[in-house]
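Here's the structure we're looking at; comments come further down.
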Ligand code: SF4
């Protein structure tokens with residue numbers, strides 16, 4: 002029986018139908034209109050991957066051995082209870098994922114704080130959207146990736162796309178940029194000449210780590226070349242004078258010296274945006290994953306506000322979420338500092354509301370915990386046990402060898418996954434769980450639209466859903482069974498109540514409405530509410546209704562190049578793979594297309610290192626080395642190398658990345674570090 006659902010990978014959440022044979026893509030889902038990328042077309046292959054886990058595994062004498070669910074769950078509950086009793090509740094930590102459904106994200110946060118009583122829960126979305134979320138909150142009072150439907154972009158005459166290679170990471174998205182591309186209105190900011198940059202009328206290629214200076218320079222041009230929307234700034238914003246004071250010294254020629262982007266190109270880009278009838282500024286990980294990521298996104302928002310774009314129909318500012326549930330994953334309480342409904346965990350009213358829904362004393366709720374990298378860094382010396390759901394941190398976390406060492410220092414590691422990922426292979430207990438089409442649940446895509454993922458096939462015998470696992474463990478830890486329901490629909494009903502009145506209000510969204518095909522974007526405060534596809538048309542979400550420009554200044558990469566490490570390394574994704582590759586490396590069509598790590602480098606830079614196309618190179622930073630095959634790319638900057646981050650072992654790009662954190666979002670600086678390039682002899 003054909004079952005309509007959504008792709009298991011990225012935040013676009015393309016509509017697809019699962020049926021016997023390959024998936025098909027219906028034309029009536031407006032986000033992808035019948036289009037899928039290679040990952041989507043081959044996604045059904047994942048459902049029959051031959052190395053699927055179908056039995057819990059327990060490590061005995063150094064080897065993972067199959068056991069019954071009763072043995073595995075009893076062991077996990079007993080070890081967690083013992084560690085808590087001996088060392089206190091913060092001896093146990095939980096790590097979640099931005100690909101988990103809304104229901105799982107919600108129940109995982111509740112499990113950590115109620116069943117375990119720990120403050121230590123965070124998730125891999127900290128590595129993905131946290132800088133954009135922080136900047137969006139301070140500018141607009143609400144963080145929703147795109148505060149407008151993605152289809153609005155189809156009317157854009159000009160789009161400034163910053164740090165997003167959508168032609169490879171989410172190809173069906175590019176149909177919405179068609180008009181801007183065809184009319185010469187696309188400006189791409191990326192240090193690489195990507196497949197997306199190839200379609201741009203203007204490609205600005207700043208040195209990695211200098212985006213903030215570039216954004217300040219474009220604001221400077223907007224002011225000095227007379228493009229400010231003064232009426233909009235007066236009526237709808239505050240803070241322009243302070244933001245301008247910070248940007249005033251960033252003349253285009255000064256910006257050119259720091260970034261390498263020609264002053265004339267800066268002026269051209271701003272003129273294109275300012276003169277367009279409909280214009281958008283969109284950011285993504287390339288500009289966000291920096292130690293100054295929050296300020297960098299604020300600088301792009303400042304530019305958009307100076308031009309009068311956000312909150313105007315046909316124009317706007319947005320961030321392109323990355324992971325499948327990158328938006329919903331950050332709304333329901335698996336972040337260290339948040340409770341469901343996007344509420345702050347240290348807000349007394351928020352604690353009271355959520356504790357009321359959970360039927361507990363608000364004073365028993367733990368406070369904020371450590372952010373993702375800080376949590377991983379503290380394992381062994383802080384938490385002694387870790388439970389991982391929906392994440393493969395051995396590949397995806399920065400300074401990866403250190404993260405592996407910290408996992409090894411734990412007394413007890415539990416991983417729930419559908420295959421033996423690189424992280425699961427280090428665990429004391431592995432719990433085999435269902436994957437996307439074998440379970441139901443909701444996802445919230447990059448435009449804040451809540452989507453139903455339907456169960457299309459029966460899971461293999463021997464696996465359980467994450468919700469069932471949390472239910473079983475909670476009961477074993479002494480919780481009432483009905484406090485941790487295992488049915489996704491029951492969890493969603495509770496999530497609705499927990500989110501009511503919060504920033505991300507789902508209280509009017511029901512499974513019935515989603516089954517009926519309603520397009521519901523949050524906030525949706527009651528069951529007669531049509532949802533809110535466009536935010537900010539009348540007012541922004543701050544109490545005074547105004548958007549805030551935030552004064553920010555450039556501070557450069559935390560680790561600038563030097564004599565020992567003279568190049569800048571940056572990382573990213575390729576068309577055929579997704580995140581840590583735990584899924585896509587198991588799809589033969591995808592894996593054979595890109596079977597291992599490569600390093601993109603300018604031919605002259607390769608030549609100076611004695612390397613040519615196809616050679617094996619070692620790329621080293623102060624934290625480690627990665628092995629990768631050389632790809633000579635004339636469009637690369639001569640001071641920059643690029644590595645994809647999907648591969649395991651010695652090919653892990655995150656062996657070299659810098660875990661220095663953004664002070665606001667706690668985002669690591671994935672996108673730039675100092676490296677040297679050598680031939681492997
Ligand atoms: Fe799946 Fe994203 Fe590709 Fe769409 S663009 S098919 S959601 S991976």
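Numbering (this note's numbering), first residue to last: 2 to 682. A virtual CB, placed ideally from N, CA and C, is assigned to each residue, including glycine. Computed from a prediction, not measured in an experiment: that's the story for all the values here.
(request) May I ask you to list the residues that DSSP assigns as paired with residue 124? (result) Answer is 97, bridged to residue 124.
(request) Could you tell me which residues DSSP pairs with residue 339 in its beta bridges? (result) Beta-bridge pairing links residue 339 to 345.
(request) Say yes only if the C-beta of residue 33 is nearer than 7 Å to one or more non-hydrogen atoms of the ligand SF4, and no if none qualify. (result) Yes.
(message) Tell me the residue span of the beta strand (DSSP E) that contains residue 444.
(response) It spans 442-445 - the beta strand (DSSP E) in which residue 444 sits, taken as one unbroken run.
(message) Output needed for residue 470: all residues of its chain with C-beta closer than 7 Å, excluding positions within five of it in sequence on either side, in chain order.
(response) Excluding positions up to five away in sequence, the list reads 417, 432 and 434.
(request) Give the DSSP-derived three-state secondary structure of residue 362 in the structure shown. (result) Residue 362: coil per DSSP, three-state reduction.
(message) Between residue 38 and the ligand SF4, is there a pair consisting of the residue's CB and a ligand heavy atom that are separated by less than 7 Å?
(response) Result yes, Cβ under 7 Å from the ligand SF4.
(message) What does the alpha-carbon distance come out to for the pair residue 509 and residue 525?
(response) Distance between the alpha carbons of residue 509 and residue 525: 5 Å.
(request) Would you mind stating whether residue 600 and residue 575 have Cβ atoms separated by less than 8 Å? (result) No.
(request) Let me know the secondary structure DSSP gives residue 604 once reduced to three states. (result) Looking at residue 604 - three-state DSSP - the assignment turns out to be helix.
(request) Verify whether the separation of the beta carbon atoms of residue 652 and residue 627 is less than 8 Å. (result) Contact: yes.
(message) According to DSSP, is residue 629 part of a helix, a strand, or is it coil?
(response) Reduced to three states, the DSSP call for residue 629 is strand.
(request) With hydrogens ignored, establish whether the beta-carbon of residue 41 is closer than 7 Å to any heavy atom of the ligand SF4. (result) The answer is yes for residue 41.
(request) Out of 655, 582, 636 and 462, state which residue places its alpha-carbon closest to the alpha-carbon of residue 644. (result) Looking at the Cα atoms, 655 is the closest of the given residues.
(message) Quick check: the region 578-592 against the region 389-403, are at least 3 beta-carbon pairs closer than 8 Å?
(response) Flag = yes, the region 389-403 and the region 578-592 touch.
(message) So, for residue 1: in the same chain, excluding its five sequence neighbours on each side, which residues have a beta-carbon less than 6 Å away from its beta-carbon?
(response) Residue coverage of the chain in this structure runs from 2 to 682, which leaves residue 1 outside it and unanswerable.
(request) On a CA-only basis, which of 283, 303 and 173 is nearest residue 234? Give me that one, please. (result) Answer by Cα proximity: 303.
(request) Using three-state DSSP, classify residue 311 as helix, strand or coil. (result) Residue state, collapsed to three classes: coil.
(request) Flag residue 10 as yes when its Cβ comes closer than 7 Å to any non-hydrogen atom of the ligand SF4, and as no otherwise. (result) Yes, the ligand SF4 has a heavy atom inside 7 Å of this Cβ.
(message) In chain order, what are the residue ranges of uninterrupted alpha helix (DSSP H) at least 4 long that sit wholly in the region 13-50?
(response) Listed in chain order, they are 39-42.
(request) Inspect the beta-carbon positions of residue 19 and residue 438 and report whether they are closer than 8 Å. (result) Yes. Within cutoff.
(message) Spatial neighbours of residue 9 within its chain, please: C-beta separation below 6 Å, excluding the five flanking residues on both sides.
(response) Cβ neighbours of residue 9 within its own chain (closer than 6 Å, five residues either side excluded): 44 and 437.
(request) Can you give me the Cβ contacts of residue 498 inside the same chain, cut-off strictly under 6 Å, excluding the 5 residues immediately before and after it? (result) The answer, listed in chain order, is 358.
(request) Return the residue from the list 573, 454 and 559 that minimises the CA-CA distance to residue 515. (result) Residue nearest to residue 515 within the set 573, 454 and 559 is 454 (criterion: CA-CA distance).
(request) Give me the Cβ distance between residue 676 and residue 566, rounded to the nearest whole Å; I'm assuming they're in contact under 8 Å. (result) Contact check for residue 676 and residue 566: beta-carbon distance about 5 Å, within the 8 Å limit, so the pair qualifies.
(request) Could you tell me which of 194, 200, 192 and 164 sits nearest to residue 176, measuring between CA atoms? (result) Looking at the Cα atoms, 200 is the closest of the given residues.
(request) Kindly examine the ligand SF4 and report whether one of its heavy atoms sits closer than 7 Å to the Cβ of residue 14. (result) Residue 14 Cβ: within cutoff of the ligand SF4.
(request) Compute the distance between the beta-carbons of residue 289 and residue 132, then report whether it is under 8 Å. (result) At the C-beta level, residue 289 and residue 132 come within 8 Å of one another.
(request) Tell me whether the beta-carbon of residue 407 lies closer than 8 Å to the beta-carbon of residue 377. (result) One thing to note: residue 407 has its Cβ within 8 Å of the Cβ of residue 377.
(message) What would DSSP say about residue 281, mapped onto helix, strand or coil?
(response) Strand.
(request) Grab the span of the beta strand (DSSP E) containing residue 6 for me, first residue to last. (result) Looking at the DSSP string, the run of the beta strand (DSSP E) that includes residue 6 is 4-7.
(request) Could you say which of 7, 22 and 39 lies nearest to residue 30 if we only look at CA atoms? (result) In terms of CA proximity to residue 30, 7 leads the group 7, 22 and 39.
(request) Tell me the start and end of each unbroken beta strand (DSSP E) in the region 535-619 that is at least 3 residues and wholly inside, in chain order. (result) As far as the region 535-619 is concerned, its whole beta strand (DSSP E) runs of at least 3 residues are 568-573 and 599-602.
(message) Measuring CB atoms only, is the region 500-509 touching the region 336-344, in the sense that at least three cross pairs come out at less than 8 Å?
(response) Counting Cβ pairs under 8 Å, three or more are found: they touch.
(message) Following a CB-centred definition, is residue 130 positioned closer than 7 Å to any heavy atom of the ligand SF4?
(response) No, Cβ of residue 130 sits at least 7 Å from all heavy atoms of the ligand SF4.
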